[in-house]
Every structure is written in structure tokens, then in C-alpha cells.
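Notes follow the structure.
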Amino acid sequence: MTAVELPAVPRVLIAEADPWSRDLLKQVLLNVRCDARLDLCADGQEAMSLLGEVPYDLAIVDWELPGVDGLNVLRSVRQRKRNPPLPFILMSSRNDSASVREALPLAPTAYLAKPLNMESLTERLQGLLLNAGQEVFCEVPALAPGMTLSVFLERRREQADGAPLMTDVQVAVKRSLHPNGLDLKLLEEEIRTDPQITAVLIAAANSAAQHHGAAVQTLAQALHRLGTGQSMNLILGLALKRSARLSDPCLADYAERYWGLSLHTAEYARTLARLLDLDQERCYCAGMLHRLGDLALLRCLQEWKQAGGELDELEEVGDALAEFGAAYGSALRTRWRLPLELRELIASVYQLGGGVYSREALVMNMAAQMARLTEHEGVEELAKSRTARLLKIGLPELMRMRK
């Protein structure tokens with residue numbers, strides 16, 4: 001590895017086509033140097049343009065970029081004969097010896113096979129971006145003068161990172177490991193109750209970079225498509241994000257309640273789907289994800305407090321959830337491009353609307369109604385509802401489910 005004299009604040013280019021892998025690289029890098037200035041791009045031509053204009057201190061580039069591939073990006077960088085040479089990490093899903101030999105004459109600082117080894121990548125970045133014994137501390141940026149909570153939440157809606165984690169991902173991964181590697185079935189059991197992990201893995205499995213046909217709509221399908229390495233990387237990467245866990249007691253209490261509602265809805269939906277011979281796992285996932293927006297909003301409220309904002313926890317939290325919770329959920333599901341069929345099931349939790357709807361949509365609507373019942377309320381009224389009539393389920397079935 002070539003030693004370089006680092007500036008006070010390093011500037012780094014990350015060129016990766018897949019948005020989820022790009023975000024993972026960003027989080028790993030910021031975990032090493034939280035003060036780094038990052039430029040992100042998704043194709044080789046833009047990477048070459050940026051490298052020609054900006055004096056970067058490090059480039060992290062995927063070989064399989066669209067347009068100009070990463071190897072040719074590296075070739076153009078080396079032809080400029082910069083002194084000292086630009087540190088350049090080349091990533092690739094090609095781990096055969098012929099590909100490695102093709103890249104070596106261009107002297108990449110590192111050649112990393114995908115899916116990436118997170119520990120190895122972190123060590124590489126520490127060696128390139130930190131001087132011996134150096135520690136970097138970054139304060140949370142303060143709010144702009146005059147910023148109000150309503151404006152803050154409106155602006156954060158389209159950039160929110162999603163819900164807080166409700167699962168300890170380090171423990172989940174550790175419990176899923178066996179001598180031969182990661183067991184996807186065990187991992188699914190460990191993380192299936194976490195809305196954020198479920199949503200991110202489904203979204204990542206449906207990204208264009210996966211080059212597959214039918215849309216993934218369940219956690220099990222997502223894990224199978226992504227494979228052990230990428231699944232583990234994405235899950236561990238979520239824990240690196242700011243406010244990944246809610247530390248504020250009041251907000252954490254709200255999150256537990258919404259999470260509990262998601263769990264109950266998901267379990268009722270799975271039981272109903274099993275009873276009616278429908279897709280159990282798809283209904284379970286829809287139930288698990290239907291409060292994603294409320295949870296994401298609570299995470300943004302913690303960011304508001306960390307940035308110095310004041311919050312009346314008894315009044316303003318409830319008002320914010322009522323005003324922005326649904327909009328946050330809709331924005332996330334759209335931005336993450338969750339499959340339309342899954343989004344329609346989630347929407348049916350709240351209302352069925354007019355027209356023709358599937359039996360699975362009816363299941364979701366009934367499951368949500370059951371999850372919202374208090375412990376002192378019976379299911380008699382639900383048994384008389386239009387949803388129950390359409391599903392052709394009666395009081396005995398609903399009473400057995402309630403028990």
C-alpha cells in the first residue's frame with residue numbers, strides 16, 4: 001500500500017452502479033472518516049469526468065460500471081501520471097486469476113472481490129484515510145437559524161434513511177453463523193421481525209443491479225437473491241448509519257408501540273392467509289412494513305433533538321406522527337421502489353377503497369382491524385363486517401385467531 005500525505009479533510013469518489021451497494025460503501029467510509037467529503041456516481045463516464053476535475057485523495061470504483069468500466073477508469077487515471085499516484089480501490093465480482101492479472105499492471109491500491117469483506121474494507125480505508133493513532137470526531141450539524149420542526153420534517157421526508165433498527169444486527173448475524181458460513185434460514189428467523197431490515201433487503205434485491213426477472217416480495221426471497229455475503233453486508237451496514245437505534249426513551253417507547261402493532265398485524269395476516277390458502281409470507285411482510293413511515297418519522301425526530309431542536313414529547317410527537325407518518329411511509333416505499341403488489345397490500349391495511357381487490361388485500365385489512373383491538377374488545381363486530389363476509393370467515397374462526 002502506498003503511503004500518502006493526507007489532507008485535513010480527505011475527498012473521496014465512490015463509483016458504484018447499485019444504489020444499495022453505493023450507500024453501503026458510503027456508510028463504511030464515513031464510519032472511518034466522518035468528516036470526509038464524498039462524491040457519488042453510478043457510471044464510468046461521470047467517474048472519469050469527476051476524476052479529471054477534482055483532486056481526489058481516494059477513488060473507490062466498481063469494475064462493472066455501465067458505459068466506461070472501472071478498469072478503463074483506472075487506466076485513464078494512471079495515464080495522467082499523477083505523483084504520488086492516486087490511491088484507487090478497484091472492486092469486482094470477478095475473482096478469477098485472469099481478471100486479477102489484467103488489473104495488476106495498472107497498480108490498483110487494492111483489488112477487492114465482491115461481495116466485499118467489510119472488515120477487510122474497513123482496514124484498507126483506515127490505512128488510507130487515517131494517520132497512525134489518529135481519531136476523528138464529528139459533531140451533529142446544528143439546525144439552521146429559525147428552523148421549525150414542521151419544515152425540518154417536510155425536508156427530511158424525501159431523504160429519510162428509514163426506520164430505526166429494532167433488532168441487534170451483530171447478535172443476529174452471530175447467531176446465524178455456523179462452521180460453513182452464514183445460514184440464510186437462521187438469519188431470516190433472526191431478522192424477520194425488523195421492518196427496516198425487511199424493507200431494505202427487499203428493495204436491494206429488486207434493484208437493477210441484480211439482473212433478475214420477477215419482483216421479490218418477501219424477506220426469504222430477498223435473502224435468496226442477494227446471497228449470504230451481500231445480505232450480511234447490507235444488514236451490518238444499516239447499523240453504521242446515524243440514529244440507527246433510538247436512544248431517546250420517549251421516542252423509543254413510541255417505536256415499541258408501532259413495532260408491536262406491526263408484529264400483531266403481520267402475525268394475524270399470516271394466520272388468515274394460512275387459513276385461506278393464500279401467500280402467507282407476502283401477507284406477513286406487508287403487515288411488518290405498514291408502519292415503516294411512522295418509525296422513520298420517529299428516527300427523524302431523534303435527529304431533530306440531536307441537532308439541538310426542542311420537542312414537547314407529549315404533544316408534538318403525536319402531532320408529527322399524525323401529520324407526517326403516512327407521507328413518510330409512502331415516500332419511502334416509492335423511493336425504495338418496493339414492488340407495486342406489495343405496496344397495494346400495505347395500502348389495504350388502511351382502507352380498501354372501491355373497485356375489485358384481491359383476497360390478500362382483504363386479509364390485510366382484516367388483520368389490521370384485529371391488531372388494533374384492545375384486550376377488552378371482542379371480535380363480534382368484526383365478524384359482521386363487510387371484509388369478513390367477503391372472506392367468508394365467521395365468528396368462530398376470528399375467536400380462535402384472537403386466542
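Residues 1 to 403 (the UniProt record's numbering) are what the sequence shown spells out, left to right.
Don't be surprised by glycine CBs; every beta carbon is placed ideally from N, CA and C.
For residue i, the first and last residue of its enclosing alpha helix (DSSP H)
| i | result |
| --- | --- |
| Met399 | 395-402 |
| Arg11 | First-last for Arg11: 11-15, but that is the beta strand (DSSP E), not the alpha helix (DSSP H). |
| Phe152 | 149-156 |
| Val173 | 169-176 |
| Pro195 | 195-205 |
| Ser385 | From DSSP, Ser385 is part of no alpha helix (DSSP H); its letter is neither H nor E. |
| Leu187 | 184-191 |
| Ala367 | 359-372 |
| Leu292 | 292-306 |
Anticipated Cβ contact below 8 Å, residue i with residue j, distance rounded
| i | j | result |
| --- | --- | --- |
| Leu251 | Gln27 | No, Leu251 and Gln27 are not in contact; Cβ-Cβ is about 22 Å, not under 8 Å. |
| Ala205 | Ala222 | 4 Å |
| Leu13 | Ala47 | 7 Å |
| Asp294 | Tyr258 | 5 Å |
| Leu297 | Gly325 | 5 Å |
| Gly162 | Ala199 | 6 Å |
| Leu395 | Ala383 | 4 Å |
| Pro141 | Ala307 | 6 Å |
| Ala15 | Pro66 | In fact, because the Cβ distance is near 10 Å, the residues do not count as touching under 8 Å. |
| Ser207 | Pro19 | 6 Å |
| Leu38 | Leu29 | 7 Å |
| Leu314 | Trp304 | Contact doesn't hold; Cβ gap of about 16 Å is too wide. |
| Leu149 | Gly329 | With 8 Å as the limit, Leu149 and Gly329 do not qualify as a contact, their Cβ atoms being about 19 Å apart. |
| Asp253 | Gln302 | Contact flag wrong, Cβ pair sits at about 12 Å. |
Residue i (DSSP reduced to helix, strand or coil)
| i | result |
| --- | --- |
| Arg37 | strand |
| Val4 | Below a pLDDT of 50, predicted positions are generally treated as unreliable, and Val4, at 48, falls in that range; the measurement from the model is reported next regardless. Val4 falls in the coil class under three-state DSSP. |
| Gly162 | coil |
| Gly181 | strand |
| Glu310 | coil |
| residue 435 | Past the edges of the chain, shown from 1 to 403, lies residue 435, and the structure says nothing about it. |
| Leu390 | helix |
| Leu342 | helix |
| Phe324 | helix |
| Val317 | helix |
| Gly353 | coil |
| Arg337 | coil |
| residue 414 | Residue 414 cannot be examined here, being either before or after the span of the chain that is shown, 1 to 403. |
Residue i vs residue j beta-carbon contact at 8 Å
| i | j | result |
| --- | --- | --- |
| Ser176 | Asp183 | yes |
| Leu116 | Asn233 | yes |
| Ser231 | Leu261 | no |
| Pro87 | Leu106 | no |
| residue 404 | Ala103 | Since the displayed the chain opens at 1 and closes at 403, residue 404 lies outside it and no answer follows. |
| Gly44 | Val77 | no |
| Arg157 | Ala320 | no |
| Glu360 | Ala255 | no |
| Trp63 | Ser92 | yes |
| Met364 | Cys283 | yes |
| Ala371 | Thr271 | no |
| Leu362 | Val379 | no |
| Leu35 | Val136 | The question names Leu, but residue 35 in the sequence shown is Asp. Cβ atoms of Asp35 and Val136: closer than 8 Å. |
| Leu342 | Gln217 | yes |
| Pro145 | Gln196 | no |
| Ile346 | Leu289 | yes |
| Val32 | Gln126 | yes |
| Val173 | Ile235 | yes |
| Gly181 | Thr228 | yes |
| Ala203 | Trp336 | yes |
| Leu246 | Arg299 | yes |
Distance cut-off 7 Å: residue i Cβ against heavy atoms of the ligand NAP
| i | result |
| --- | --- |
| Lys305 | In terms of ligand content, the structure shown is empty, and the ligand NAP therefore cannot be addressed. |
Within the stretch 208-290, ranges of the beta strand (DSSP E) (whole runs, at least 3 residues): none
Report the start-end ranges of each alpha helix (DSSP H) in the UniProt domain "Response regulatory" (11-129) that is 4 residues or longer and not cut off at the edges. 19-32, 44-53, 70-79, 97-103, 118-129
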